[in-house]
Amino acid sequence: MTENDDCAVERVLGTAWAHRPAFGRIGRGMLVALALCAFVAGAGAGRACAQTAAPRAPDVRYDPTPHNVVAQMLQLGAVRNDDVVYDLGCGDGRIVIAAAKEEGARGVCVDIDPQRIREARANAAAAGVLDRIRFLEQDLFATDIAEATVIMLFLGPEVNLKLRPKLWRELRRGTRVVSYVHDMSDWAPQQTMTVQGRYGERRLYLWTITSPQGR
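Next up, the structure:
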């Protein structure tokens, strides 16, 4: 057994030894045997839990983009039927689903939260566009985005700045990037649009990758 296994046995043993009066005349050897049996019985379940451990927490709190803003994001990004739209932090998938249903585009939903991916898949099926969308339960910073022709974002200011080098590095010339609410600091947008958000007027930002190295 490994050192961790030994520790686990000791934990079980310690519990049993603390309650030794309940065992009558059973000696420490029997307690060790019982501890080992309990450890072996639980080892498989422990490994299963380790294999299915939840990923790290999402970078931002889930806040669905209002449907009217979704339509305006597609408009600002000039989404067409030959586009591949990636939503990084897709939530329930509504942006990519709208791109597929309204514009005939293909899309990729990316979210680190398995619940959001399940919702997005179910919503795409209900909208009849499941065959036009891929679903990636991934950290958006680890996702290969080179295929994208449009990137949709509703993240946060710090996350946008952290993501910016990846956009410049991986996206092809002509790829459009649309962000709801948050800008990219000194990366000046090509265009902005004021929209009515859930909490009042908000801004949409559009950038276009102009060189293989980014801006």
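When the sequence shown is numbered by my numbering, its final residue is 582 and no position is left out of the sequence of numbers.
Ideal Cβ positions, reconstructed from N, Cα and C, are used throughout, including at glycine.
All values derive from a computational prediction rather than experimental measurement.
Could you pull out every residue in the same chain whose Cβ sits closer than 6 Å to the Cβ of P425, ignoring the five residues on either side in sequence? Here P425 has I479, D480 as same chain residues with Cβ atoms under 6 Å from its own Cβ, once five neighbours each way along the sequence are excluded.
Less than 8 Å between the beta carbons of L522 and M551, yes or no? no
Paired residues, beta bridge with C331 - DSSP: In the structure as shown, the chain starts at 368 and stops at 582, and residue 331 therefore has no counterpart that could be examined.
Under the three-state reduction of DSSP, which class applies to W574: helix, strand or coil? strand
Mind checking whether V446 and A466 have CB atoms under 8 Å apart? yes
Beta-carbon within less than 7 Å of V427's beta-carbon, same chain only, minus the 5 sequence neighbours each way: which residues are those? G456, L522, G523, V526
Completely contained beta strand (DSSP E) runs for the stretch 536–575, where each covers 3 or more residues: For the stretch 536–575, the full-length beta strand (DSSP E) segments reaching 3 residues or more read 543–547, 558–564, 567–575 along the chain.
Can you have a look at L571 and say buried or exposed, based on whether 16 or more other CB atoms are within 10 angstroms of its CB? Burial call: buried.
Distance, D498 Cα to H549 Cα: 31 Å
Which residues DSSP lists as bridging V517, in chain order: V452, R543
Apart from the five residues on each side of it in sequence, which residues of its chain come closer than 6 Å, Cβ to Cβ, to V545? When the five nearest sequence neighbours on each side are left out, the beta carbons in the same chain lying within less than 6 Å of the beta carbon of V545 are those of M440, L443, G444, M519, L573, in order along the chain.
Spatial neighbours of V496 in its chain, beta-carbon cut-off 7 Å, leaving aside the 5 residues before and after: I464, A467, K468
Sequence-distant residues of its chain with Cβ nearer than 6 Å to R501 (five each side left out): V475
Cβ shell of Q557 (< 6 Å), same chain only, five flanking positions each side left out: Excluding sequence neighbours, Q557 sits near L573, W574, T575.
Short Cβ contact (8 Å threshold) for T516 with V451: yes
Of the residues E470, R485, G541, T432, which one's Cα is nearest the Cα of R461? T432
For A493 and M560, the rounded distance between their alpha carbons: Between the alpha carbons of M560 and A493 lies a distance of about 30 Å.
Mapping the DSSP letters down to three states, classify V496 as helix, strand or coil. V496: coil per DSSP, three-state reduction.
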